[in-house]
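Mapping of the sequence shown onto the working numbering: position 256 corresponds to residue 257, and the numbering continues sequentially without gaps.
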Amino acid sequence: MADLPDILDTDLSNSNAIAPAQIDWQTDDSGHVVPISARFGDVYFSRADGLAESQFVFLDHNQLAQRWAALPDYGYFVVGEIGFGTGLNVLAAWQLWQHVRPDNHSRLHIITTEKYPLQRADLARALATWTPLAPLAQRLLDHYPPLLAGCHRLNFFDERLTLDLWFGDAITSLQQCTGQACVDAWWLDGFAPARDTRLWSDALFAQIRRLSKAGTTLATFSAAQVVKSGLQRQGFVLNKVKGYGKKRHMLTGVLPKNPPPVLVTARFRHNKKIAPFWLPLPFRQDFYHATLSRKSRHKYAPDTLPDLAPANHRALTVAVVGAGVAGLAVAYSLAQRGHRVWLLDRAHPLAGASGNIRALLAPKLHNVTRFDDNLHLIGYLAGLRFYPALQALLPPYAAPVLERVGVLDLLAHQRRAIDSDAQASVADFAVPLDDKQVQTLLDGKTHATPPTQTPDPQATQQAGWWLADASLINTQIFAEAVLRLPNITFCQTTLQSLQQTGDCVTLQTVAHANAQPMDLPPTFDHAVLCMARDTAEFLPHVSRIKHSRGQISWFALPTDDDSLPPFALKYGGYLATFGDTRQRYALLGASFVRGTSDTRTHAADHEANLATLQQALPTLASQPLFDKNHLPDWQGRASLRAQTPDYLPVVGQVWAQPNDTHSRVWTFAALGSKGYAYAPICGEFLVGLMGGEMLPLPRHWLATLSPNRKALR
């Protein structure tokens, strides 16, 4: 009988739930306490000297010191790793990168997978062994994400280093990984094939080949036959060399310039007396892979990537039209890669919907069945890493960009309660509270710190969820930080038209009458339209964008008043306090009105915001602070949210005709009410598409977010 190895044999419908690593701590020969996997009975690193082994196997045998030192200006090098483990390989590479990287704009991108990630406390304990790596280990720990399946992008722009942590099954993770770039060097770590038989499979080796190119190298501690034969079937040329220390052998390899096409192989076993054997079948693996892709739960063809010539290792000149949160996020990602950005807007930065006095960064909680399908949650977690990093661009006395106030989400306004099946998927960043605990927080002036321990998971009634990291963003400080980057130039001007000719984009603009005169470049390498609903005026092929009016309300609090919670509340609307030691304010948001383009402030919207609070929290709203007689003293701001019919933003390359993958016109628009969550991750996504990088979102988002998604259906 024959058994075809299914390249997509991993069940992509699995939930977010990630089982953390089970660690046994043992003392090695030198007296160090080292982690052992209780699940696999194998060590995470060598008892003798794990750091030296990591350097020997993965860095030296991929010739990384020499290759990195020779990177040209704006060069881009990708490392792929199977088995993040304790992060020792990553930190060893980071340390080497610091020593050998050239003084230019080259960048290192490490993509690593881990099915059973360590919890943060275990990771800190494991890395404490390596004193020389302590500063880098602390930076990794500071950015270490919650244990949710999917890609977590960690950018260290000051180090010119990007780390993509893919939590979940390695095969599933690599299947979702995509981009114009390919991996330059592989570290095949993980546990020994005898311990983890499921990992070392043809499905894994097929993904390694898919993400490789001619000249891609690899190194692995293992010389097992299953590894050797699997890689050879994928076309890699292997060498068996002396292993580290007492280990006899290890493998190195390279994918040759013109590797033969990989045929599908079948495993045959005639009867129990004859050993199984593999036999190639007469059709190519990539055809087989495409056939199996039709079984995917996603309805779009996933890999419609741009097809642009490389930038010849030079800085790009990019026009970003629209200085809202989308345009600022794109400009930031471009500038941090060393590109020249002209940020254009007919008004001042954040003049539109993203210019509210404060923005609430908190996910909308519902049945989160898959993290990698929930863009709002992906963006929320990315934002918690993105916004604090901007503080380094500001003077020491500046107000914080992000203030972690915490949010109590009451799951009101006809939201679905989070059921017990979904609790595991959000337990790392949200704690369920019962009625009594919520009432304790809201009752009078009793504002104790919300519990840090999850209540009994068997409790049937969930009255609210506590999100300790949910935050308020000071929007003007955010814009100020981004605009401090020296290679971003803001210009107040109005776009009239744009045209692509060959490899250039030309803009026709009219400068604002009171704006400082500024000469724009005659042409740009790329143009990105981040103009909310106005985007469709210049890009008729973009999906239909609609709008709704929203108004926030705020008022000054008496100096001695402490009747409101120090954290924010979500209840269909939201209530938060903000300010400084001199004056505090209460903020309510936000109304939702369709069918109007009026952006004047209206008393009726103040009343609507108050009514929403009264309906959800009548006791709190009965305080004298919220007496209707005070409404004339309230301040407000109204703006128009832009959104698509499917409530997802449009992000990507804009086609003037079908499959126009050479287009140099891009868009990031229609963020709705989730702009500050979507902007950081989608800005990285768009810049990755433009620069030919590996992407920070699973491959199905290519078509799901595409401005051309109607044509791709």
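Glycine included, C-beta positions come from ideal geometry on N, C-alpha and C.
query, result
"Whole-Å CB distance - F85 paired with T113, under 8 Å assumed", "4 Å"
"Backbone CA spacing between L317 and W466 [nearest angstrom]", "45 Å"
"6 Å CB neighbourhood of L134 in its chain, flanking five on each side removed", "L92"
"In DSSP terms, what H340 is bridged to", "In DSSP, H340 forms no bridge with anything."
"Where E538 falls: helix, strand or coil (DSSP)", "helix"
"Cβ neighbour criterion (16 or more within 10 Å) applied to P541", "exposed"
"Beta-carbon spacing of H106, Y75 below 8 Å", "yes"
"According to DSSP, residues forming a beta bridge with V184", "S213"
"contact_flag[the region 682-701, the region 180-198] where n(CB pairs < 8 Å) is 3 or more", "yes"
"Beta-carbon proximity of V228 to V255, cut-off 8 Å", "no"
"Entirely enclosed beta strand (DSSP E) segments - the region 608-665, minimum 3 residues", "636-644 and 651-654"
"Where the alpha helix (DSSP H) through K229 begins and ends", "Q226 to R234"
"Opposing strand residues paired with W95 [DSSP bridges]", "Paired residue(s): none; W95 is not in a bridge."
"Cβ-based neighbour list, T507, same chain, cut-off 6 Å, excluding 5 preceding and 5 following", "Q500 and T524"
"Candidates P650, Q438, A712 and L391: closest to A327 by CA position", "P650"
"Helix, strand or coil at M251 according to DSSP, with G and I counted as helix", "strand"
"Cβ-based burial, Q235 [other Cβ within 10 Å; buried from 16]", "buried"
"Alpha carbon of P646 to alpha carbon of V652, nearest angstrom", "15 Å"
"Reference A480, options G356, I553, T494 and H527, closest by Cα", "G356"
"Backbone secondary structure at R485 - three-state DSSP", "coil"
"Three-state secondary structure (DSSP) of Q178", "According to the sequence as given, residue 178 is Cys; it is not Gln. Correct three-state label for C178: coil."
"T441 vs V543 beta-carbon contact at 8 Å", "no"
"Distance, H607 Cα to I682 Cα", "33 Å"
"Segment limits, alpha helix (DSSP H) that includes D123", "R121 to L128"
"When R710, A332, L351 and H349 are compared against V342, the one with the closest alpha-carbon", "A332"
"Three CB pairs or more closer than 8 Å across the region 66-82 and the region 192-204", "no"
"Span separating the alpha-carbon of S498 from that of F539", "7 Å"
"Residues of its chain near H314, where Cβ-Cβ distance is below 8 Å and the 5 sequence neighbours each way are ignored", "P73, D74, Y75 and G76"
"Inter-residue spacing [alpha-carbon to alpha-carbon] between F686 and P350", "22 Å"
"Pick from S55, F579 and L309 that is closest to D190, judged by C-alpha positions", "S55"
"Neighbourhood of A310 by C-beta distance below 6 Å, restricted to the same chain and skipping five residues each side", "none"
"Sequence-distant residues of its chain with Cβ nearer than 6 Å to L411 (five each side left out)", "G465 and Y572"
"N-terminal and C-terminal residue of the beta strand (DSSP E) that W26 is part of", "I24 to T28"
"Through-space distance from V439 to T453, alpha-carbon basis", "Since pLDDT at T453 reaches only 48, below the 50 mark, its modelled position is unreliable, and the value read off the structure follows with that caveat. Between T453 and V439, the C-alpha separation is close to 14 Å."
"Contact belief for P36 with Y117 at Cβ below 8 Å, rounded distance in angstroms", "Not confirmed; about 12 Å, so no contact."
"Endpoints, alpha helix (DSSP H) assigned at A70", "L65 to A70"
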